[in-house]
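J.: For reference, the structure I am asking about is given below.
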Amino acid sequence: MIRPSRIGDVRRSGKSSLLKLYREALLSDGVAPESVLSLNFESLELAGIDSAESLNDAVAAHPFLAGRRYIFLDEVQLVPAWQRAVNSLRLDATVRDQYIDAVLNTIVTQGLGVTDIGFLLENVVYFELRRRYQKVSIGKYGAEEIDFVCFSPTDGLAYYQVTASMLDAATAARELRPLQGLRDSYPKTILTLDQVLVPDITGIRQVNLLDWLSQAECA
């Protein structure tokens with residue numbers, strides 16, 4: 059599903075710095091530092107976290123304030139069976155978000171399902187859109203949801219849908235429907251992990267996610 063030759067590009071493209079930027083944005087918006095836990099598993103100080111259980115214990119031991127908790131897991135693919143801990147944390151209603159920077163190759167080969175991949179990829183896309191655009195929000199067209207509606211003072215609006223694959227006809231129809239309903243001429247893009255991309259459909263581009271991440275500007 060993913061081209062190994064692009065994995066190095068993802069690791070060098072500043073995804074960890076996006077996690078840092080978003081942590082800073084949370085704090086500047088008034089989130090208390092005690093409500094944010096950040097773990098970078100490249101640090102030897104965290105070498106003892108070597109299982110799903112020890113990762114869960116490390117999170118549980120953090121002195122969070124009451125209320126919402128924000129958890130950043132950087133290079134989490136270095137922890138064996140990390141998926142079990144992440145999925146367990148997602149069951150906790152007090153966990154607002156988990157921001158995960160993992161090599162996509164590892165995510166796929168270690169067995170996450172399509173739902174989990176979508177959960178991780180949408181977070182990565184959101185971080186990158188926050189970097190590229192002044193405003194990022196979720197959109198609606200009738201009853202249909204548009205994953206991201208973005209605005210920049212120079213380029214105006216841009217619309218993005220994110221899906222693991224467009225190869226299934228039903229999935230493709232679902233992702234295209236809200237974008238096809240829009241009557242303006244602003245850019246409309248579907249980001250996917252597919253290597254074989256369908257041609258543009260009525261002005262809607264399909265772009266490989268890894269290629270898009272390697273671009274530096276709004277696109």
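Counted the way the numbering used here counts, the sequence shown spans residues 59 to 277.
Each residue gets a CB set at the ideal place from its N, CA and C atoms; glycine is no exception.
Note that the structure is predicted; figures quoted are calculated from it, not measured.
I'd like to confirm the pairing. Which residues does DSSP put opposite A119 in its beta bridges?
T.: Answer by DSSP bridge pairing: none, since A119 is not bridged.
J.: Can you find the residues in the same chain that come closer than 6 Å, C-beta to C-beta, to L255, ignoring five residues on each side of it along the sequence?
T.: Contacts found: Q264.
J.: Rounding to the nearest angstrom, what Cα-Cα distance links A227 and S101 in this structure?
T.: The straight-line gap from Cα to Cα measures roughly 44 Å.
J.: Look at the Cβ atom of P245, then the Cβ atom of I204, and state whether they are nearer than 8 Å.
T.: Not a contact, by the Cβ cut-off of 8 Å.
J.: Do you know whose CA, among L85, R232, L179, lies nearest A222's CA?
T.: Checked all of L85, R232, L179; the closest Cα to A222 is L179.
J.: Could you check the C-alpha separation between N266 and R188 for me, to the nearest Å?
T.: Straight-line Cα distance between these residues: approximately 19 Å.
J.: Comparing the CB of P138 with every heavy atom of the ligand SAH, is any distance shorter than 7 Å?
T.: You won't find the ligand SAH in this model; it holds no ligand whatsoever.
J.: Exposed or buried, what is Q219 when buried is set at 16 or more other beta-carbons lying within 10 Å of its beta-carbon?
T.: With 16 or more Cβ atoms within 10 Å of its Cβ, Q219 is classed as buried.
J.: Rounded to the nearest angstrom, what separates S112 and A118 at their Cα positions?
T.: So the two alpha carbons sit approximately 10 Å from each other.
J.: May I ask you to report which of helix, strand or coil DSSP gives F209?
T.: Correct three-state label for F209: strand.
J.: Which residues does DSSP pair with A230 in a beta bridge?
T.: Its beta-bridge partners do not exist; DSSP assigns none.
J.: Under the assumption that E103 contacts P121 (Cβ atoms under 8 Å), give the Cβ distance between them as a whole number of angstroms.
T.: That belief does not hold up - the Cβ atoms of E103 and P121 are roughly 17 Å apart, past 8 Å.
J.: With distances taken Cα to Cα, identify the nearest neighbour of L251 among T260, Q238, L271.
T.: The shortest Cα separation from L251 among T260, Q238, L271 belongs to L271.
J.: Can you tell me whether L268 is helix, strand or coil according to DSSP?
T.: Looking at L268 - three-state DSSP - the assignment turns out to be helix.
J.: Identify the continuous beta strand (DSSP E) that holds Y217 and give its terminal residues.
T.: That run of the beta strand (DSSP E) goes 214-220.
J.: Grab the span of the beta strand (DSSP E) containing R127 for me, first residue to last.
T.: Its beta strand (DSSP E) spans residues 127-132.
J.: What number of angstroms, rounded off, separates the C-alpha of G239 from the C-alpha of A143?
T.: Cα to Cα, the separation comes out at about 40 Å.
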